[in-house]
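Here the structure is laid out as structure tokens; the discussion comes afterwards.
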Amino acid sequence: WFPGHKNIFGNDIADKLAKKGLGRKPIGTSFTSLSYIKRKGKEKILSDWKQSWEANSKKQGKHYTRICRDLVRFSLGIPGSNVQKKIQAAYFQLKTGIGFFKSYSKVIGKDEEGKCFRDCQSLQTPTHLILHCAHYSKECKEMRKELRSKLTM
């Protein structure tokens with residue numbers, strides 16, 4: 001409050017209202033969680049995508065539909081099996097090379113070299129780990145024995 005603003009009609013009213021407001025209970029703080037923001041962001045992205053798809057749907061997906069009309073529906077599961085999700089996840093990581101491999105960590109900038117463990121200087125790829133890595137030679141032999149065939153990727 002500044003005395004220099006005294007006797008000015010609008011300022012006197014503002015001063016009285018400000019003093020009156022000091023006596024009131026403060027409004028509680030509001031909080032927005034990070035998960036709420038993420039959820040709203042995902043909803044917005046999905047909504048925008050749906051609008052874009054509907055606007056252009058006459059042009060999209062026709063080729064795939066035409067060539068795959070009578071084929072079996074697409075599934076992320078391992079073909080012909082009822083396998084646990086963690087085993088399916090491992091299967092797809094091995095098949096795609098996208099997973100907890102140093103070669104992939106190198107691609108995404110989390111590892112500088114992408115090299116295998118200890119003295120093994122090879123690039124750590126799924127193929128290397130399953131077929132060539134000396135650290136897993138025992139497991140490799142065991143898999144070959146169980147599968148009764150040569151291991152391939």
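Once you know that position 107 of the sequence shown is 107 in UniProt numbering, the rest is easy, because the numbers rise by one and skip nothing.
Beta carbons are placed, not taken as given, at the ideal position from N, Cα and C, and that holds for glycine.
Because the structure is a prediction, the values reported are computed rather than measured.
Entirely within the stretch 86-121 and at least 4 residues each: give me those alpha helix (DSSP H) ranges in chain order. The qualifying runs are 102-107.
Between the Cα of Y136 and those of K150, L147, C120, spot the shortest distance and give me the residue it belongs to. Closest in C-alpha terms to Y136, from the list K150, L147, C120, comes C120.
Rounded to a whole number of angstroms, what is the C-alpha to C-alpha distance between D48 and L17? Distance between the alpha carbons of D48 and L17 is about 45 Å.
I'd like the span of the alpha helix (DSSP H) that includes N11, first residue to last. From DSSP, the alpha helix (DSSP H) with N11 extends over 9-22.
Please name the residue or residues paired with L123 in a DSSP beta bridge. Per DSSP, the beta-bridge partners of L123 are K115.
Can you tell me whether K102 is buried or exposed, with buried defined as 16 or more other CB within 10 angstroms of its CB? The Cβ neighbour count for K102, taken over all protein chains shown within 10 Å, is at least 16; the residue is labelled buried.
If you draw a straight line from the C-alpha of K86 to the C-alpha of L147, how long is it? Rounded to whole angstroms, K86 and L147 show a C-alpha spacing of 20 Å.
Whole-Å CB distance - S105 paired with G114, under 8 Å assumed: That belief holds up - the Cβ atoms of S105 and G114 are roughly 7 Å apart, short of 8 Å.
Alpha-carbon to alpha-carbon, G41 and K50: Distance between K50 and G41, taken at the CA atoms: about 14 Å.
Is the distance from the Cβ of L94 to the Cβ of M153 below 9 Å? Contact flag set, yes.
Rounding to the nearest angstrom, what Cα-Cα distance links C116 and S122 in this structure? Taking the straight line joining both Cα atoms gives about 6 Å.
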